Structures are given as C-alpha cells and as structure tokens.
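Below is one structure; the comments refer to it alone.
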Amino acid sequence: MSARGVSDTRHAPTSYYGRPVLKQPVWTWEIPLYFISGGVSGASAGLACAAGVAGNATLAKRAQLAAFGSIAVSPALLISDLGRPERFLNMLRVFKPSSPMSVGSWLLAANATGTTIATFGMLTGKAPRLTRASGAAAAGLGMPLTTYTAVLIANTAVPLWHEARHELPFVFGGSSAAGAGALATLITPHEHAGPARRLAAIGTVIEGAASQVMERRLGHLAEPLRSGQGGRLASVAKILATSGAVFTGVAGARSPRAARGGAAMVLAGEILERWSVFRAGFQSAADPAYTVGPQRARQDSDASG
156 MSARGVSDTR
166 HAPTSYYGRP
176 VLKQPVWTWE
186 IPLYFISGGV
196 SGASAGLACA
206 AGVAGNATLA
216 KRAQLAAFGS
226 IAVSPALLIS
236 DLGRPERFLN
246 MLRVFKPSSP
256 MSVGSWLLAA
266 NATGTTIATF
276 GMLTGKAPRL
286 TRASGAAAAG
296 LGMPLTTYTA
306 VLIANTAVPL
316 WHEARHELPF
326 VFGGSSAAGA
336 GALATLITPH
346 EHAGPARRLA
356 AIGTVIEGAA
366 SQVMERRLGH
376 LAEPLRSGQG
386 GRLASVAKIL
396 ATSGAVFTGV
406 AGARSPRAAR
416 GGAAMVLAGE
426 ILERWSVFRA
436 GFQSAADPAY
446 TVGPQRARQD
456 SDASG
C-alpha cells in the first residue's frame, strides 16, 4: 500500500510532480552486513569477558574467537563500500564527537585493537595481564559498538531512520546481543553454552519489544516495515528470530540439536532484521509522503497550538 494513501494530516502529502524529495542513500549491500558484524563483535566481546569472569573458560574462548572473526570482516566491508582503503584511514585523522561516523570509526578501531590483542594472548598464553586488560577494554567498547550504527543512520534525513531515533539503538543493541548469543551457541559445546543460549533469547525479546514500540509510535511512517521489500524482510526476520529464540531458550536446554537449530534461526533472523531496516529506509526516502507528511503534521500542530 502506498504511503500516499495513508496520511494523518489534513492534506494529502505530495511533492513536485510526486518526485522524491530526498536522494536515495548511496550505501550498498556491505553496510547492513557491517551493521550486524560490528554489533555481533561488540556483544561477543562482552560475552567473552563475562564468561571468563564466571569461570566458563570454554565459552569465553569461543565467544572471543567469534568477536575476533566478526570484527575482522567489519573494516573490509566498510572499505569495500567506501571504495578505497585510504578513505577509512582518513576518518581516523581527527576525532569529532559531534559526528557519529567519526566516533564510530574510532570505536571500531579501538575495539578491533583490543579484541585482536585479547585473542592473540588467549591463543598463545602470552602476557596474561595484557590479555585480560585488552579483553575488558574490548568488552567495555562493545556496548557502544552495538548501537552506534543506529545513531549513525538516525542522524540522516531518511524519514524512517530519523524518526525512529529513540528506539533504533535498542533495536540494534538487542539484535546484536541475540546474534552474539546465537553465534556462540553454534560454536560452543552444549554443556558450556547455557549463558549464550540465554543471551540469544533475551536479546531477541529486547529487539522484538523495541521494534514493536517503534512501529506503534511511528504510525504510518512505519509502513515501509510492513510493505514492499522492507516489510517482507521484516516479516521473515520476526518469524525466524522468535521461533529460534523459543527453540534455543526452551528445547535447547535439553537438546543440543534444538539449541543449534534455534541459534541458526536467531542469527538468520537478526541478519534479516538489519536488512529490513536498511531497505525500509530506502523506501521511505523514495516516497515524498514520508517526508512531506510529518512536516505538514508539525505545521498543523503548531498552528492549532
């Protein structure tokens, strides 16, 4: 259903000959994969640190490897989208707190450094103090790494992303936690993977609840998450993540096969969730109703007030 037919204003929102008011984002397929790889790495670093403190060395090692593998592909995805490696390095020339891109680039670099040192130390057994300190630093930087991409896209003029700025960090943070828990469940022996299974289930609940709150608050602006490619991806993502969380959190406690099957569903669902938000943003930028409509609603509200 076209958003042009769904309006909360007094006048049908239109633009010059119905043309888009905004240019389409220039980001390509690498960016939604970067969103999930960076988020999973940050959450995995936190899981590894917590498991180590709790004495679950097996889970700590597997989660640390997951953090390293995820963060290793993140710069490659970002550089692929930018086109040239020097463009990524140029973003590290200065630190600009007012720029989500600048802050995120430094977060990525710092987390990657801490994760790499912690992983090397874990595998070699060298410099245990430095290994523990690096792992703790990576875990501390992991939380903002799971959510900064939500702040990044909300800082654009794309209607859906911008208007969802209050809930998107919770959506992305919950999704990252679910993905990290699911990945650790897949690669950790069943008897040591209990905390990872719980993290996958809890993260899925947080992401799902935040998404529901976001869609209700946005009203008709959330239509791209219910229709078109964004809507189709969102529907499949919800089914996979919810079903997988039930398998992982309930049946997975008794059955290793159910745990891994559910974890695979959760991980696939969270990847598709990022894709759905990504594609829905493109849809909202293409239809002038999502740009003009909120502006007219604010004008009418100011006039009546």
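Numbering-wise, the sequence shown is residues 156 to 460 according to the working numbering.
For every residue, glycine included, the Cβ atom is placed at its ideal position computed from N, Cα and C.
Remember, predicted model here, so these are calculated numbers, not experimental data.
Beyond the five residues adjoining it in sequence on each side, GLN179 comes within less than 8 angstroms, by CB distance, of PHE437, ALA440 and ALA441 in the same chain, given in chain order. DSSP places PHE433 inside the alpha helix (DSSP H), whose first and last residues are 411-441. A direct Cα-to-Cα measurement between ALA293 and ARG284 gives close to 14 angstroms. With contacts defined as CB atoms closer than 8 angstroms, THR302 and GLY269 fail to qualify as a contacting pair. Every alpha helix (DSSP H) of 4 residues or more that sits fully in the stretch 201-255 is shown, in chain order, as 212-237 and 240-245. Between GLY290 and ALA282 a beta carbon distance of about 12 angstroms is seen, past the 8 angstroms cut, so the two are scored as non-contacting. When DSSP states are grouped into helix, strand and coil, ARG320 belongs to the coil group.
In this chain, the alpha helix (DSSP H) harbouring GLN384 covers 383-404.
The beta carbons of GLY297 and ALA198 sit closer together than 8 angstroms. A direct Cα-Cα distance of roughly 30 angstroms separates GLY193 from GLY374. No Cβ-Cβ contact shorter than 8 angstroms links ALA335 with VAL208. Where THR359 is concerned, the enclosing alpha helix (DSSP H) starts and stops at 349-373.
A straight-line Cα-Cα distance of about 43 angstroms links ARG371 and ILE272. In this structure GLN367 is exposed. Its beta-carbon is surrounded by fewer than 16 other beta-carbon atoms within 10 angstroms. For THR343, the secondary structure class from DSSP, reduced to helix, strand or coil, is coil.
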